Amino acid sequence: MRKSLELVFALCLLGGKAEASGYTELNAGLAAGADARCDLAVAHLTAALAAPNLLPAFQAAAHYGLGACHFNEGKLTLAAADFDATVASDPMYRDAYISRADLHDLNHEFSEAAADRTAILAFAPQMSVVLYDRARDCELLGRMDDAIADASRVKTLSPSDPFDFMLLNEIYRMKGDTAKAIVNANALVENKNYFLLGYRERGFDNFGAGDFARAQSDFDDWKIRERGTLYPALWSALAAAAQGSDPASAVGGLPANFDVNTWPVPLLKFYQGRISSEDVTKAMVPDGILRRYQQCEVDFFIGDLEVHRGDMSGKAKLENAAKECHTTSTELRAAILELKRLP
Amino acid sequence: MKTSLARLASLTTLFCTIAALASAQDGQPCRLMRMASLDMSLGWAGDISVPINISGRNFLFRVDTGDTVSVISSGAASILGNNVLNSVDHLEFMGKIDLDRYILAKNMQVDQLGGEEFKFMIAPQRLLGPSDGLIGADFLANFDLDIDFAANKLNLFDPNHCPGKVVYWTRDAYADMPIELNNGGHITVAVTLDGKAINADVDTGADRSSLGYETAVHLFNLEGNSKLQKLNMSVNGGPRHTIYRYPFDSLSFGAISVSHPEIDILPDQAWGVGIAPMIIGRNVLRALHLYVAYKEHKLYATPAEAH
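Shown next, in the form of structure tokens:
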């Protein structure tokens, strides 16, 4: 029956009625999740899973949505259970393995993270990004030969992807082979699209090797060329402090267009001597996964500054960073290398 | 040279099946002939993917009606071992990467459909999320595209049927509306947003519905409006931008009416070239059962759970 001229479908995009179907609840959950409204998303997705008419094919997506929200809220135990349920519903649901591996990484369970990535690669060996992350797990487990083998395979799967140089750079840096690390960083410096990463990574190489003057020079090159972020100034200031200079002069003035409440402005203010470490902690977000990332940066940047100023109480903060920072963070690797140098 | 998208699309291999040939011969052209029926995989962002087999290997490709050219990840292309060819034309992908290499995938199987060679531009895996590629209009527009979101099925039908005889899933009312196929296959419909007539692309690859900033300012005079919500977020998996979200009163296209749609307003630099001033994304589309009759230039729709 065609009645299009008279007909109006009134679409209620967020559903939420008591009699809503499993599909409507699922849709409302997805929409709320996309808007970062996790409270609402969890309510709708829970209702979707409780609905008798939710298709089995949608159960994995509903479980995964719950896990993604719980992960973002820092409720990691709940998130782990959700990802387990996702995989139980659909053993081929790639995102669940990827997120569960990320969660393991967050807990520094690198063997378990690598196992999840191996599980995906068993049915999707073409996923170079998964192989890339498994290489990093191997690197942090100290299995450098496995890491290099995975990284080489990544290079085969994604020829000419500049990020492959970054992976090899990082592995050689952590292996202590600074010369090979810098060869890969230089390849990035020479790339017209990725030279910023090149300066940054070469700075990390030199910093990790204890050559703080060269590191500061690289960080300054990064700072001049990437004005949209404050991290180059922070690293440059730390490298200056490691040479016995005043970090405040390396920080310079904050760009006028930066919101003073934007992270990592509190860390920069600390480096300028304008606020205390307690003030920095107070400026962190109160909870959620973002707090963990900020705590990592606080531990590293304040701990390492203290160490370079001769205050060895900073070592405990570096140890905390090496235990808590996320696998993908540069602060994790820098903390590990700094601790290797300390008595 | 930048892509002539229409030119790339013209290289599409024609797919055929024995069933389709039979349909043309049996004297019942009004009967819809289903050529493929695929279970969809639903992602957290509401994105939909379908299984595709190439040379005996199983892949998962995202269905993107807003993408004119199909794309394969570098990893999938590499593992297939096909010759990588350099394209004369370059395709700007996700607003930042020039794609200039492609493969001709041999022995491609989409449910019962088989194809000898199909062109996929090669994109970095990291831009494709967990999928192995994107199926775009250069493939989809060879068929009628039936997206049954609520049943989690994507069907492809033979486009040779009697006009208007497609809504097979319900005897209830349905909406239909003309579509234009622009710039290599974008599905463009006429919509009314808060009383203003505007064209919009129906885009299964877009998370949310959106307007370009220029359109929002000039047509709706929204600059400085206190209801504009400022956000900093990634646009469809690409770079983060400052975007605005605005609660419009009503959106309608054909007989479909959406009350109080929240529409994102994207900066002009994040707005693709050659697309309509508005995009209808999955936050609206997932509430519908859609049937795109590309050849007939018509879009049919009912509520998602109509049956």
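Residue numbers (my numbering), protein chains in the order written: chain A, 1 to 343; chain B, 1001 to 1307.
Here a beta-carbon is modelled for each residue, glycine too, at the ideal position from N, C-alpha and C.
Treat the numbers as computed from the prediction; the structure is a model and nothing was measured.
Chain-ordered neighbours of residue i on chain A, where CB pairs are closer than 9 Å
{"i": "B/R1208", "result": "A31, A34 and D35"}
{"i": "B/A1045", "result": "L30, G33 and A34"}
{"i": "B/R1079", "result": "Reading off the sequence shown, one finds Ile at residue 1079 of chain B, where the question assumed Arg. The contacting residues are P125, Q126 and L157."}
Cross-chain neighbours of residue i in chain A, by beta carbon under 7 Å
{"i": "B/P1163", "result": "Neighbours of B/P1163 on chain A: none; closest Cβ ~12 Å, over 7 Å."}
{"i": "B/S1073", "result": "Q126"}
{"i": "B/D1111", "result": "Under the 7 Å cutoff, chain A gives no residues; its nearest Cβ is about 16 Å from B/D1111."}
Chain-ordered chain D contacts of residue i [CB-CB under 8 Å]
{"i": "A/I98", "result": "Of the protein chains in this structure, namely A and B, none is chain D."}
Proximity to residue i [Cα-Cα], best of the options
{"i": "B/G1114", "options": "B/S1250, B/F1139 and B/L1154", "result": "B/F1139"}
{"i": "A/Q243", "options": "A/P264, A/L230, A/Q272 and A/V307", "result": "A/V307"}
{"i": "A/H44", "options": "A/G22, A/A250, A/I98 and A/R333", "result": "A/G22"}
{"i": "A/G228", "options": "A/S217, A/R214 and A/P264", "result": "A/P264"}
{"i": "A/A149", "options": "A/A135, A/S158 and A/P162", "result": "A/A135"}
{"i": "B/R1126", "options": "B/D1089, B/A1105 and B/I1072", "result": "B/I1072"}
{"i": "B/Y1246", "options": "B/D1194, B/A1173, B/F1143 and B/M1033", "result": "B/D1194"}
{"i": "B/A1045", "options": "A/R143, A/F71 and A/A61", "result": "A/A61"}
{"i": "B/G1184", "options": "B/V1292, B/A1141, B/L1211 and B/A1197", "result": "B/A1141"}
{"i": "B/I1279", "options": "B/T1215, B/A1306 and B/Y1291", "result": "B/T1215"}
{"i": "A/G210", "options": "A/G29, A/G176 and A/L197", "result": "A/G176"}
{"i": "B/D1201", "options": "B/I1187, B/L1154 and B/L1299", "result": "B/I1187"}
{"i": "B/K1196", "options": "B/S1252, B/Y1174 and B/S1210", "result": "B/S1252"}
{"i": "B/S1055", "options": "B/I1103, B/A1123 and B/V1069", "result": "B/I1103"}
{"i": "A/H108", "options": "A/G198, A/W235 and A/T328", "result": "A/T328"}
{"i": "B/I1179", "options": "B/P1303, B/V1050, B/L1060 and B/T1065", "result": "B/T1065"}
{"i": "B/L1149", "options": "A/F270, A/Y271, A/A57 and A/C38", "result": "It is Phe, not Leu, that sits at residue 1149 of chain B in the sequence shown. For B/F1149, the nearest C-alpha among the options comes from A/A57."}
{"i": "B/R1208", "options": "A/L238, A/D35 and A/K223", "result": "A/D35"}
{"i": "A/A122", "options": "B/L1285, B/M1233 and B/F1059", "result": "B/F1059"}
{"i": "B/F1248", "options": "B/G1254, B/Q1229 and B/M1233", "result": "B/Q1229"}
{"i": "A/Y194", "options": "B/E1305, B/M1233, B/S1226 and B/I1097", "result": "B/I1097"}
{"i": "B/T1192", "options": "B/V1258, B/L1128 and B/N1160", "result": "B/V1258"}
{"i": "B/N1160", "options": "B/Y1294, B/R1286 and B/L1299", "result": "B/Y1294"}
{"i": "B/D1264", "options": "B/V1088, B/L1211, B/C1030 and B/D1158", "result": "B/L1211"}
{"i": "A/F163", "options": "A/D145, A/D146, A/L141 and A/N186", "result": "A/N186"}
{"i": "B/V1069", "options": "B/N1283, B/L1299 and B/F1093", "result": "B/F1093"}
{"i": "B/K1119", "options": "B/G1129, B/S1087, B/L1128 and B/K1227", "result": "B/S1087"}
{"i": "A/L66", "options": "A/P52, A/S99, A/P91 and A/N53", "result": "A/S99"}
Proximal residues of chain B, C-beta to C-beta of residue i below 9 Å
{"i": "A/M166", "result": "Result: empty, since nearest Cβ-Cβ is about 11 Å, beyond 9 Å."}
{"i": "A/F163", "result": "P1124 and R1126"}
Rounded distance between the beta-carbons of residue j and residue i, thought under 8 Å
{"i": "B/H1297", "j": "B/L1181", "result": "7 Å"}
{"i": "A/E139", "j": "A/M166", "result": "Not confirmed; about 12 Å, so no contact."}
{"i": "B/N1152", "j": "B/D1039", "result": "6 Å"}
{"i": "B/R1101", "j": "B/L1085", "result": "7 Å"}
{"i": "B/Q1112", "j": "B/M1035", "result": "7 Å"}
{"i": "A/N169", "j": "A/A179", "result": "Their Cβ separation, rounded to whole angstroms, is 11 Å, which puts A/N169 and A/A179 out of contact at 8 Å."}
{"i": "A/A250", "j": "A/S236", "result": "5 Å"}
Interface residues of chain B facing residue i [CB-CB closer than 8 Å]
{"i": "A/V42", "result": "Result: empty, since nearest Cβ-Cβ is about 13 Å, beyond 8 Å."}
Contact list for residue i against chain B, beta-carbon separation under 7 Å
{"i": "A/N27", "result": "R1286 and A1287"}
{"i": "A/D95", "result": "G1043, W1044 and P1130"}
{"i": "A/Y23", "result": "A1150, A1304 and E1305"}
Residue i: contacting residues in chain A (beta-carbon distance under 8 Å)
{"i": "B/A1076", "result": "Q126"}
{"i": "B/Y1039", "result": "Sequence check: residue 1039 of chain B is Asp here, not Tyr. In chain order: A57."}
Any C-beta of chain A within less than 9 Å: which residues of the region 1274 to 1285 of chain B qualify? Residues passing the 9 Å Cβ filter: R1282, N1283 and V1284.
Would the region 1267 to 1277 of chain B and the region 1154 to 1169 of chain B be scored as touching if the rule is three or more Cβ pairs under 8 Å? Here the region 1267 to 1277 of chain B does not lie against the region 1154 to 1169 of chain B, with fewer than 3 beta-carbon pairs under 8 Å apart.
Please identify, using Cβ separations under 7 Å, the residues of the region 1121 to 1149 of chain B that lie next to chain A, in order along the chain. Of all residues in the region 1121 to 1149 of chain B, only P1124, Q1125, R1126, P1130 and D1132 place a beta-carbon less than 7 Å from a beta-carbon of chain A.
Give, in chain order, every residue of the region 313 to 333 of chain A whose Cβ lies closer than 9 Å to some Cβ of chain B. Residues: none.
Could you tell me whether the region 1132 to 1147 of chain B touches the region 228 to 237 of chain A, using the rule of 3 or more Cβ pairs below 8 Å? In short, these stretches do not touch, since the Cβ pair count stays below three.
So if I threshold CB-CB distances at 7 Å, which residues from the region 43 to 73 of chain A count as touching chain B? Of all residues in the region 43 to 73 of chain A, L55, A57, F58, A61, Y64, G65 and A68 have a Cβ within less than 7 Å of some Cβ in chain B.
At least 3 beta-carbon pairs within less than 8 Å: the region 212 to 226 of chain A vs the region 268 to 279 of chain A: With fewer than three CB-CB distances shorter than 8 Å, the region 212 to 226 of chain A does not count as touching the region 268 to 279 of chain A.
For the region 1215 to 1230 of chain B and the region 1069 to 1084 of chain B, state whether three or more C-beta atom pairs, one from each stretch, are separated by less than 8 Å. In short, these stretches do not touch, since the Cβ pair count stays below three.
Short-range partners of chain B found in the region 122 to 154 of chain A, where Cβ spacing is below 7 Å: Cβ contacts with chain B: P125, Q126, M127, S128 and V129.
Spell out a yes or no on whether the region 296 to 303 of chain A and the region 67 to 83 of chain A are touching, meaning 3 or more CB-CB pairs, one atom from each, closer than 8 Å. With the cut-off at 8 Å, the region 296 to 303 of chain A and the region 67 to 83 of chain A do not touch.
Contacting positions in the region 230 to 241 of chain A - beta carbon closer than 7 Å to chain B: Listed in sequence order: no entries.
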